[in-house]
Amino acid sequence: MNLTLCLAVLFVSVAQVVTSPTSLTRRDRHIAWRPRILTPVKDSIWYLDTMQNVTWDTSDIPEQKVHENGTLVLARPTENDEHLYLKYPLAEDFPLALGYVSFFLTDRPKGDGFAVCLMGDSGDLSELFTIA
Ligand SMILES: *[C@@H]1O[C@H](CO)[C@@H](O)[C@H](O)[C@H]1NC(C)=O
Ligand SMILES: *[C@@H]1O[C@H](CO)[C@@H](O)[C@H](O)[C@H]1NC(C)=O
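Under mature numbering (1 follows the signal peptide of the UniProt record, and there is no 0), residues -19 to -1, 1 to 113 are what the sequence shown spells out, in order.
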């Protein structure tokens, strides 16, 4: 699950890349950066109305991304659909280079099978966790 793309944020250029492996390598190295989410991990529990903190690996951040902001959205992926809660991001306009963002978790459904998607120009889904 960790390396799953958040498909909803793939732009046309990336869609083209999928059918053309040669440019994938180039784009991967020079443009698209898919930060690996470190936390939450599998079986984490997020309690509603508490502060939460999502962290990701910035060790391989490309120079072009150092000054870019990201958006963090909740997802509840099934086999066929990532179910991104795009309308109500958990956090927006935070520096990708920081490696973490914290926010107050409120007004969300409870249950298991949630993930977060960190979006720059391509997204990464976290492991599945629970909201309680
Ligand atoms: C979030 O995680 C980062 C990196 O581990 C840490 O520096 C920061 O203090 C944490 N923030 C909160 C509110 O826990
Ligand atoms: C990133 O977000 C900050 C606010 O957190 C804003 O001041 C800044 O203009 C944003 N940068 C970009 C490139 O959008």
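Even glycine gets a Cβ: it sits at the ideal position worked out from N, Cα and C.
Measure how close the beta-carbons of W37 and R17 come, nearest whole angstrom, since I'm counting them as under 8 Å.
6 Å
Could you check whether the Cβ of T87 sits closer than 6 Å to any heavy atom belonging to ligand 4?
Looking at this structure, you won't find ligand 4 anywhere; what it does contain is ligand 1 and ligand 2.
Quick check on the burial criterion: 16 or more other C-beta atoms within 10 angstroms. Buried or exposed for F83?
Checking the sequence shown, residue 83 turns out to be Ser, not Phe. Counting Cβ neighbours within 10 Å, S83 comes out exposed, since fewer than 16 surround it.
Do you know offhand how far V22's Cα is from L109's?
7 Å
Does DSSP put E73 in a helix, in a strand, or in coil?
strand
In whole angstroms, what separates the C-alpha of L65 from that of T59?
11 Å
Look at the Cβ atom of C98, then the Cβ atom of V54, and state whether they are nearer than 7 Å.
Note that the C-beta distance between C98 and V54 is below 7 Å.
Rounded C-beta distance between T39 and G80? I'm assuming under 8 Å.
With a beta-carbon spacing of about 4 Å, T39 and G80 fall inside the 8 Å limit used to define contacts.
Pick from D24, A72, P76 and G94: whose alpha carbon is nearest that of T87?
A72
When the Cα atoms are used, what is the spatial distance from P70 to P43?
Pairing P70 with P43, the inter-Cα distance amounts to about 24 Å.
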